[in-house]
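J.: Please read through the structure below; I'll follow up with questions.
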Amino acid sequence: MIDASSLLQTRSVTKSFGGITAVKTFTMDVARGALYGLIGPNGAGKTTVFNLLTGVYDTTAGEIHFDGARIDGKKPYAITRLGIARTFQNIRLFPDLTVLENVMAARHLRSRQTLADAVLGTTRHHREEQESRERAMSLLKLFDLDQLADERSTSLPYGSQRRLEIARALATDPKLLLLDEPAAGMNSQESFDLMHLIRRLRDEFALTILLVEHNMKVVMGICETIQVMDYGEAIAIGTPREIQKNRKVIEAYLGGG
Amino acid sequence: MRLSRKLLAIGLGTAALVALNQMFEHGLGNFQINPYYARIINLIGINVTLAVSLNLINGLAGQFSIGHAGFMAVGGYTATYLTVYHGKAIAALAGSTLSDGVGASLAMVASLAVGALAAALAGLLVGIPSLRLRGDYLAIVTLGFSEIIRVLILNIPAVGGATGFTDAIPITNFFWIFAMAILTIMVVRNIATSTFGHALATIRGDEIAAEAMGINTTRHKVLAFVISAAFAGVAGGLSGQLFANPLNPQNLNFVKSIEVIVMIVLGGIGSITGATLGATILTVLPEALRTFDRQFPGLRMVVYALLLILMMIFRPQGLLGRRELSWSWLGAGRRTKQPIGRSGTGGLAR
């Protein structure tokens, strides 16, 4: 049944690529306001789940519900409009745009001006551009990137690029934020700061956050609920403490004995 | 306030163009412009319209179209057909004839509008199926499309077939050519600097990330493509009704499309200033090189090709890269020796 307190639900979602089933009858319930972790060994299907949730892949079977609407089969841009934003495992910033423009580009979907407004340079056009600029700047400030607003996005250091990706995702006004390995490549200080930032974002923006992460310190440190995947299937779900003791999880990571 | 300033700018611009047009046609005192130069200047204007409009789809949206000549043909033949067969009736609406300024202007506006519309429609038909996909499909489809159009025209006697549309009435003049070139530049510039332009840049940069940021990539690509096609149609309408310059299917082939691509690549793909500069240089250059032909006939095109090759070796990002001419850029140029826009602007090299 579809539970109203959940923001995101998947029901027996399956995805096959030819003969390989990357995700098998995967069911997940993410409550509103949750900090939900999805972990698993390499190749377990975590990123595939993200790609299914955001419409990059079509499901082979099953249903995905978000905020009361069925979203499987919808286009990625339509899903983002409904309120799911994401970051990517391999950073995907827009190389030709500055730091500020990267965030402004993500405001485009909320823009009500038409192309004619832009061509004719109407008052609405100028007002909206101004609003978008201000909103983008305030997000950059939050991530300590406002000093770098006019730099080219790809010239930023790695850690800053990761933060910029999160800022850009937030610019779409999401209800659910999907973070794909946000701590990848970060040192322990940076990942410590990231944990604080993620928690703060959830509280200040009233977000629900779903993250895939390999850094166990980060996952165990901030997630309230963790779901573990192995070979495309969910093998365990629970609090960090429960997951750490779960035999199946230990076997998946260390091999069965 | 803003609106009145805009209207003032439009008024002043129009007056300036009218005055220049007057000088072009009737001279100024004893000064009479050389018709050969006048012709080259007119061709520059048409090529600017072509290059800047192609830059919208190839440069800004990063979708490679090689069918600009096809859209130019659709718009050009439609526009010219309209004036040849219905021009008198259109001029009569204003109680005038085609040899009169008012009647000719009305016929010009009507034919350009209809030509642009026809080209836009063709753009929509070609764009919707091919722009839904990522990759080089657009290049293949546009190439095929422009060849189909060319062969089609060859077989329509009403528009002159293989001999070209020689019935065309020469109502194009300096005023309309440059009014349209400026209009194209303004429209493309306003698109490029708006969030719509940012959206096109995201599509060029990373289509998957663009979709993830809520941008309907197909819709944006098709819109950019249709606008680009419409202005190619306008350029066709101007070109076909220019004195002693009839449209001919032979000149509207694949080579013509490549010529326009070379203009924007030379100027710096993605830059509107670059496209304008590229169109100007590539219109003047073959003419300027005619001096070579006096001593060594045929050497002209060798030198022309050599210059382009050298250009691609030493400045692969084009003359301007992605930079635009702007007030701040001019100011910066004055203060420091180095002309700087935003640093590290890219181009084809990446």
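Chains as they are written, first to last, in this note's numbering: chain A, 1 to 257; chain B, 1001 to 1350.
C-beta atoms are modelled at their ideal positions from N, C-alpha and C, and glycine is treated no differently.
So which of A:187, A:162, A:82 and A:70 has the shortest CA-CA distance to residue 89 of chain A?
T.: Within the first sequence, the letter at position 89 stands for residue 89 of chain A. Per the Cα distances, A:162.
J.: Using a Cβ-Cβ cut-off of 9 Å, state whether residue 1018 of chain B counts as contacting chain A.
T.: The count along the second sequence starts at 1 and reaches residue 1018 of chain B at position 18. For residue 1018 of chain B, the answer is no, since every Cβ of chain A falls outside 9 Å of its Cβ.
J.: Measuring CB to CB, does residue 1235 of chain B end up less than 9 Å from residue 1075 of chain B?
T.: Here residue 1235 of chain B refers to the residue found at position 235 when the second sequence is read from its first residue. Here residue 1075 of chain B refers to the residue found at position 75 when the second sequence is read from its first residue. Their beta carbons are under 9 Å apart, which means residue 1235 of chain B touches residue 1075 of chain B by this criterion.
J.: Starting from residue 1049 of chain B, find everything on chain A with Cβ-Cβ shorter than 8 Å and list it in chain order.
T.: By 1-based counting over the second sequence, the position of residue 1049 of chain B is 49. None at all; the shortest Cβ gap to chain A is about 16 Å.
J.: Distance cutoff 9 Å, beta carbons only. Does residue 143 of chain A sit that close to anything in chain B?
T.: The count along the first sequence starts at 1 and reaches residue 143 of chain A at position 143. False, the Cβ-Cβ gap to chain B never drops below 9 Å.
J.: Using beta carbons (cut-off 9 Å, strictly below), is residue 1052 of chain B in contact with chain A?
T.: Position 52 of the second sequence, counted from the first residue, corresponds to residue 1052 of chain B. Output row for residue 1052 of chain B: interface = no.
J.: Do you know offhand how far residue 1333 of chain B's Cα is from residue 1169 of chain B's?
T.: Indexing the second sequence from 1 puts residue 1333 of chain B at position 333. Indexing the second sequence from 1 puts residue 1169 of chain B at position 169. Because the pLDDT at residue 1333 of chain B is just 45, under 50, the model does not fix this residue reliably, and the value given afterwards should be weighed accordingly. Cα to Cα, the separation comes out at about 46 Å.
J.: Output yes if chain B places a C-beta closer than 9 Å to the C-beta of residue 171 of chain A; else output no.
T.: Position 171 of the first sequence, counted from the start, is the residue given in the question as residue 171 of chain A. Judged by the 9 Å Cβ criterion, residue 171 of chain A is in contact with chain B.
J.: Between which residues of its own chain and residue 1185 of chain B is the CB-CB distance below 8 Å, once the five residues before and five after are set aside?
T.: By one-based count along the second sequence, residue 1185 of chain B stands at place 185. So the qualifying residues of the chain are 1048, 1052, 1272 and 1276.
J.: Keeping to the same chain, check which residues put their C-beta closer than 7 Å to that of residue 1161 of chain B; ignore five residues upstream and five downstream.
T.: Here residue 1161 of chain B corresponds to residue number 161 of the second sequence, with the count starting at 1. Same-chain partners within the cutoff: 1154 and 1155.
J.: Would you check if the distance between the CB atom of residue 41 of chain A and the CB atom of residue 252 of chain A is smaller than 9 Å?
T.: Locating residue 41 of chain A in the first sequence gives position 41, where the first residue counts as 1. Locating residue 252 of chain A in the first sequence gives position 252, where the first residue counts as 1. Yes, Cβ-Cβ distance for residue 41 of chain A and residue 252 of chain A is below 9 Å.
J.: In terms of DSSP beta bridges, what is residue 26 of chain A paired with?
T.: Here the question's residue 26 of chain A lines up with position 26 in the first sequence. Bridge partners of residue 26 of chain A: A:13.
J.: Could you tell me the alpha carbon to alpha carbon distance between residue 1046 of chain B and residue 1201 of chain B, rounded to whole angstroms?
T.: Numbered from 1 along the second sequence, position 46 holds the residue referred to as residue 1046 of chain B. Numbered from 1 along the second sequence, position 201 holds the residue referred to as residue 1201 of chain B. Going from the Cα of residue 1046 of chain B to the Cα of residue 1201 of chain B covers about 26 Å.
J.: Helix, strand or coil: how does DSSP classify residue 188 of chain A here?
T.: Translated into positions along the first sequence, residue 188 of chain A becomes position 188. Note: residue 188 of chain A maps to helix in three-state DSSP.
J.: Is there a C-beta anywhere in chain A that falls below 9 Å from the one on residue 1341 of chain B?
T.: As a working mapping, residue 1341 of chain B is identified with position 341 in the second sequence. At residue 1341 of chain B the pLDDT is 35, less than 50, meaning the model places this residue with poor confidence and gives no usable figure here.
J.: By DSSP, does residue 172 of chain A sit in helix, in strand, or in coil?
T.: Position 172 of the first sequence, counted from the start, is the residue given in the question as residue 172 of chain A. DSSP places residue 172 of chain A in coil when its eight states are reduced to three.
J.: What in chain A is Cβ-close to residue 1190 of chain B, meaning under 9 Å?
T.: In the second sequence, residue 1190 of chain B corresponds to position 190, counting from 1. The answer, in chain order, is 118, 119, 120, 121 and 125.
J.: According to DSSP, is residue 96 of chain A helix, strand or coil?
T.: As a first step, residue 96 of chain A must be located in the first sequence, where it is residue number 96. Correct three-state label for residue 96 of chain A: coil.
J.: Roughly how many angstroms separate the alpha carbons of residue 177 of chain A and residue 1212 of chain B, rounded to a whole number?
T.: For the purposes of this step, residue 177 of chain A is identified with residue 177 of the first sequence, where counting begins at 1. For the purposes of this step, residue 1212 of chain B is identified with residue 212 of the second sequence, where counting begins at 1. Taking the straight line from one Cα to the other gives about 12 Å.
J.: Rounded to a whole number of angstroms, what is the C-alpha to C-alpha distance between residue 1198 of chain B and residue 1094 of chain B?
T.: Looking up residue 1198 of chain B in the second sequence gives position 198. Looking up residue 1094 of chain B in the second sequence gives position 94. Between residue 1198 of chain B and residue 1094 of chain B, the C-alpha separation is close to 43 Å.
J.: Hey, is residue 1211 of chain B's beta-carbon within less than 9 Å of any beta-carbon in chain A?
T.: Residue mapping note: residue 1211 of chain B aligns to position 211 of the second sequence, counting from 1. It does: the Cβ of residue 1211 of chain B has a partner Cβ on chain A nearer than 9 Å.
J.: Could you work out which residues of chain B lie near residue 239 of chain A, taking near to mean beta carbons separated by less than 7 Å?
T.: Locating residue 239 of chain A in the first sequence gives position 239, where the first residue counts as 1. Neighbours of residue 239 of chain A on chain B: none; closest Cβ ~30 Å, over 7 Å.
J.: Which chain A residues sit within Cβ distance under 9 Å of residue 1208 of chain B?
T.: What you label residue 1208 of chain B is simply residue 208 of the second sequence in a count that begins at 1. Here the neighbours are 56, 76, 88 and 92.
J.: Can the beta-carbon of residue 100 of chain A be found closer than 9 Å to that of residue 180 of chain A?
T.: Your numbering for residue 100 of chain A matches position 100 in the first sequence. Your numbering for residue 180 of chain A matches position 180 in the first sequence. No. Outside cutoff.
J.: Should residue 173 of chain A and residue 110 of chain A be called a contact, given that it needs their Cβ atoms to be closer than 9 Å?
T.: Along the first sequence, one-based indexing puts residue 173 of chain A at 173. Along the first sequence, one-based indexing puts residue 110 of chain A at 110. A contact, by the Cβ cut-off of 9 Å.
J.: Could you say if the stretch 205–225 of chain A and the stretch 10–24 of chain A meet the contact criterion of at least three C-beta pairs nearer than 8 Å?
T.: The stretch 205–225 of chain A, when compared against the stretch 10–24 of chain A, does not touch it at the 8 Å Cβ threshold.
J.: Determine, using beta carbons only, whether residue 1252 of chain B and residue 1171 of chain B come nearer to each other than 9 Å.
T.: Sequence index remark: in the second sequence, residue 1252 of chain B carries index 252 (1-based). Sequence index remark: in the second sequence, residue 1171 of chain B carries index 171 (1-based). Cβ distance not < 9 Å, so residue 1252 of chain B and residue 1171 of chain B don't count as in contact.
J.: Please list the partners that residue 138 of chain A has in chain B, where partner means a Cβ-to-Cβ separation under 7 Å.
T.: Locating residue 138 of chain A in the first sequence gives position 138, where the first residue counts as 1. By Cβ distance, chain B contributes nothing, its closest Cβ being about 17 Å from residue 138 of chain A, past 7 Å.
J.: At which residue ranges does the stretch 206–230 of chain A contain complete alpha helix (DSSP H) runs of 4 or more residues, listed in the order of the chain?
T.: Entirely contained in the stretch 206–230 of chain A, the alpha helix (DSSP H) runs reaching 4 residues are, in chain order, 216–222.
J.: Quick one: is residue 147 of chain A buried, meaning 16 or more other Cβ sit within 10 Å of its Cβ, or exposed?
T.: Position 147 of the first sequence, counted from the start, is the residue given in the question as residue 147 of chain A. The residue is exposed, with fewer than 16 neighbouring Cβ atoms inside 10 Å.
J.: Near residue 195 of chain A, which residues of its chain fall below 7 Å by C-beta distance, leaving aside the five closest residues on each side in sequence?
T.: Stepping through the first sequence from its first residue, residue 195 of chain A is reached at position 195. Excluding residues within five positions, the ones whose Cβ falls inside 7 Å are 218, 221 and 222.
J.: Taking only beta-carbon atoms, is residue 52 of chain A less than 9 Å away from chain B?
T.: Here the question's residue 52 of chain A lines up with position 52 in the first sequence. Not closer than 9 Å to any Cβ of chain B, the Cβ of residue 52 of chain A fails to qualify, so no.
J.: Residues bridged to residue 181 of chain A by DSSP?
T.: Indexing the first sequence from 1 puts residue 181 of chain A at position 181. None, per the DSSP bridge assignment.
J.: Report yes or no: do the stretch 58–75 of chain A and the stretch 4–13 of chain A share at least 3 C-beta pairs separated by less than 8 Å?
T.: Judged by Cβ distances under 8 Å, the stretch 58–75 of chain A makes contact with the stretch 4–13 of chain A, as three or more pairs qualify.
J.: Where does the unbroken beta strand (DSSP E) through residue 1033 of chain B begin, and where does it stop?
T.: As a first step, residue 1033 of chain B must be located in the second sequence, where it is residue number 33. That residue, residue 1033 of chain B, is in no beta strand (DSSP E); it is neither H nor E in DSSP.
J.: Taking only the alpha-carbon atoms, compute the straight-line gap between residue 1109 of chain B and residue 1242 of chain B and give it to the nearest angstrom.
T.: Taking the first residue of the second sequence as 1, we reach residue 1109 of chain B at position 109. Taking the first residue of the second sequence as 1, we reach residue 1242 of chain B at position 242. Rounded to whole angstroms, residue 1109 of chain B to residue 1242 of chain B spans 14 Å at the Cα level.
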